[in-house]
Amino acid sequence: MGQCLGSELTEDEKNAKTQSADIDKDLYEHAKKEMNVVKILMLGAAESGKSTLVKQMKIIHSHGFTKQELASFKLAVLDNLLTSMKFVLYGMGVLRINLANSKNKIHAHSVTGGSLTCRSFFKPPHPFSFFENMDRIVSPDYLPTEMDVLRVRLRTTGVIETQFKVNHLIIRMYDVGGQRTERRKWISCFEDVRAVLFVVALSGYDMTLKEDPSMVTVCAVFSSDRPVLLQILFLNKIDLFQDKILHSGRHLRLYLPEFTGADCDVDAGARFIAGMFGAVNTVPDKLIYHHFTTATDTSNVEVVFQVVMDTIMKENLEAVSLL
Numbered sequence: 369m370g371q372c373l374g375s376e377l378t379e380d381e382k383n384a385k386t387q388s389a390d391i392d393k394d395l396y397e398h399a400k401k402e403m404n405v406v407k408i409l410m411l412g413a414a415e416s417g418k419s420t421l422v423k424q425m426k427i428i429h430s431h432g433f434t435k436q437e438l439a440s441f442k443l444a445v446l447d448n449l450l451t452s453m454k455f456v457l458y459g460m461g462v463l464r465i466n467l468a469n470s471k472n473k474i475h476a477h478s479v480t481g482g483s484l485t486c487r488s489f490f491k492p493p494h495p496f497s498f499f500e501n502m503d504r505i506v507s508p509d510y511l512p513t514e515m516d517v518l519r520v521r522l523r524t525t526g527v528i529e530t531q532f533k534v535n536h537l538i539i540r541m542y543d544v545g546g547q548r549t550e551r552r553k554w555i556s557c558f559e560d561v562r563a564v565l566f567v568v569a570l571s572g573y574d575m576t577l578k579e580d581p582s583m584v585t586v587c588a589v590f591s592s593d594r595p596v597l598l599q600i601l602f603l604n605k606i607d608l609f610q611d612k613i614l615h616s617g618r619h620l621r622l623y624l625p626e627f628t629g630a631d632c633d634v635d636a637g638a639r640f641i642a643g644m645f646g647a648v649n650t651v652p653d654k655l656i657y658h659h660f661t662t663a664t665d666t667s668n669v670e671v672v673f674q675v676v677m678d679t680i681m682k683e684n685l686e687a688v689s690l691l
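Take 369 as the starting number for the sequence shown in this note's numbering and just add one per residue.
Now the structure itself:
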């Protein structure tokens, strides 16, 4: 009898066993759910357009923006419009172009804060497309459209997580601020990430980063010491790149002397820049998937992102030897 009594569990032991079983069940269910979660880390310098791509994901896969969310962008659109106006007035001052109506000097003075030669706002251009819709934007009942939201420029600070569903998969996309101080936070986002999506402004070949003297150094961002991650490169703003190559006279060879193609050969120029990023790949056996995108073009982004998702799924299946 003593042996039988000794084999019985105490009440505390029964409770502990039940709790342990519950914990194991919860861990199993959590692991099961996480199998359907794909984490994508978006990296890129300021002005690359990655935040616009994140907005596109919301439009394409999360039923877009609510009326309240659209309204929250109103002040940002007006700020972009005002900044673009300052940019134009500064250019007029540099080129010594007088205002058609001299009475508008008072208004120009109020916009620029008193100095048309002030360079404090001389940044990469804000979208001038807002000028074309000025009457609509300044109306009292103005509500930003989804295209306004895509075009408005807001600096990303910190890490912004966006979650949406594609078929049976839950996508968690992490958008990290593009300035150098923000880029230091990238490393903390690598846990359990399936892929890193690098976004580069293709049209920025003639520009420099605010904190770095050479655009070529953007390639260093692409060099990763984590070869297990799937690396995807979005060469963004292909539309602006084409316009600049064909019409601005800012030929690629003037900024990247290694380029030997024709000045107006847009395709050759785009392929050359893609090759620059491929050259800094530290793991030759690891493929780099690159795509040319226009972040403000919803149909283009939808097609490209579907290709990206197919690539991610294939890579993950191969990783677990299911193919």
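Even glycine gets a Cβ: it sits at the ideal position worked out from N, Cα and C. As the structure is a prediction and not an experimental result, all values here were calculated from the model.
Within the same chain, and ignoring the five residues on either side of methionine 502 in sequence, the residues whose Cβ sits closer than 8 Å to its Cβ are Leu449. Residue state for phenylalanine 433 is assigned as coil, using DSSP reduced to three classes.
Counting along the chain, the unbroken alpha helix (DSSP H) around tyrosine 623 starts and ends at 620-623.
Between valine 648 and leucine 421, the C-beta spacing is not below 8 Å.
Within its own chain, the residues whose Cβ lies closer than 8 Å to the Cβ of cysteine 632, once the five positions on either side in sequence are excluded, are Ile613, Leu614, listed in chain order. Close CB contacts of phenylalanine 532 within its chain, under the 6 Å cut and outside five residues either way in sequence, are with Met425, His429, Ser430, Ile539 (chain order). Assignment of alanine 563 by DSSP, reduced to helix, strand and coil, places it in the strand class.
Under the DSSP definition of a beta bridge, tyrosine 542 partners with Leu409, Glu529. Counted as a single uninterrupted DSSP element, the alpha helix (DSSP H) harbouring leucine 449 occupies residues 442-462. The Cβ atoms of phenylalanine 609 and threonine 661 do not sit closer than 8 Å to each other. For the pair aspartate 516 and valine 568, the Cα-to-Cα distance works out to about 22 Å.
With a threshold of 16 other beta carbon atoms within 10 Å, isoleucine 680 meets it and is buried.
Its chain contains Lys605, Leu608, Phe609, Lys612 as the residues whose beta carbon lies nearer than 6 Å to that of serine 571, once the 5 sequence neighbours on both sides are disregarded; these appear in chain order. Per DSSP, leucine 518 has no beta bridge partner at all. Listed as beta-bridge partners of alanine 569 by DSSP are Asn604.
If you draw a straight line from the Cα of tyrosine 458 to the Cα of aspartate 574, it is about 20 Å long. Counting along the chain, isoleucine 641 sits inside the alpha helix (DSSP H) bounded by residues 634-647. A Cβ-Cβ distance of about 5 Å is found for the pair threonine 530 and methionine 541, placing them in contact under the 8 Å criterion.
Comparing alpha carbon positions, the residue from Ala638, Phe627, Ile427, Phe455 closest to threonine 666 is Ile427.
Collapsing the DSSP output to three states places isoleucine 465 in coil. Looking from the CA of methionine 410, the closest CA among Ala636, Ile528, Val520, Ile656 belongs to Ile528. Residue pairing of phenylalanine 660 in beta bridges, as defined by DSSP: Leu603. Taking all protein chains in view, the Cβ of isoleucine 408 is crowded by 16 or more other Cβ atoms within 10 Å, so the residue is classified as buried.
The shortest CA-to-CA distance from leucine 598 to any of Glu683, Ala468, Gly461, Arg464 is the one to Glu683. DSSP places valine 506 in the coil class of the three-state scheme, outside both helix and strand.
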